[in-house]
Amino acid sequence: MEELLMNAIIFHGTAPHATANKFWYQNLAHSLNDSGITATVADLPKLDQEPLVDTLAKIKEMNFVIDQNTILIGHSAGTNLIFALLEQLTTPVKAVYLIAGYSQPNGMHHTTLKDSYDWETIKRNSNEFYIFNSFNDPFNCNEKQGKILFDHLGGTLILRNDGHFTQKVQPLLTTLLSKYQE
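The sequence shown begins at 226 in my numbering and counts up by one.
Okay, structure coming up:
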């Protein structure tokens, strides 16, 4: 019987400010790949500038494997994509990491942000949730947004003073992900 390989998909934040090659996304993908987890950063150059349905269609065209061996990692607006994907799944993923995530308006226009979410379906479609938010997030993806997500999803809420988590490396995230390495 063939062993199922673990994979991770990283969804960046709002383009053009956040792209597949900015911040920590590629560093994390390389680290995961080096540890035996196939990791990809979804390249979505119009993320948060086009309707959510168009972005989801582009993700579908990328033919990602999303199954019980998948880890979904989203940053900022990328977390909203994960919610939309989890609403559609029939098999739960291994884990979800929400970095500077939000589900309520934060004062900016976001095409990825839905008016409401099916939280029960989202919660059912991941075995674990890790939620990272900052007290000092300049885009209001702060501890209040993290607490709202935690209230809906449970899991582990991690509150930091790391701004919008745009540093080139995310040591805590990398450490938490190391538990999946072979």
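Every residue gets a Cβ at the ideal spot worked out from N, C-alpha and C, and that includes glycine.
Assuming N252 is part of the alpha helix (DSSP H), what are its boundary residues? 250-259
Taking C-alpha atoms, which residue in K369, C366, K319, G332 lies nearest to I347? K319
Could you name the residues of the same chain whose beta carbon sits closer than 7 Å to that of F399, not counting the 5 residues immediately before and after it, in chain order? Note that residue 399 is Thr in the sequence shown, not Phe. Same-chain partners within the cutoff: L253, S256.
Start-end ranges of the beta strand (DSSP E) lying completely within the segment 256-314, minimum 3 residues: 263-267, 295-300
Could you tell me the distance, in whole angstroms, from the CA atom of D273 to the CA atom of S301? 10 Å
Quick check: Y405 and I383, are their CB atoms within less than 8 Å of each other? no
Extent of the continuous beta strand (DSSP E) to which F364 belongs: F364 -> no beta strand (DSSP E), and no H or E assigned at all.
Do the CB positions of L310 and I291 come within less than 8 Å of each other? yes
Express the C-alpha separation of T295 and F248 in angstroms, rounding to a whole number. 22 Å
Go ahead and label Q395 buried or exposed: buried means 16 or more other beta carbons lie within 10 angstroms of its beta carbon, across all protein chains shown. buried
Check whether the segment 332-339 and the segment 374-383 are in contact - that is, three or more C-beta pairs closer than 8 Å. no
Alpha carbon to alpha carbon, how far is L323 from M231? Give it in angstroms, no decimals. 18 Å
Grouping DSSP H, G and I as helix and E and B as strand, with all else coil, what is Y405? helix
Does the beta-carbon of T315 have 16 or more other beta-carbons within 10 angstroms, so that it is buried, or is it exposed? exposed
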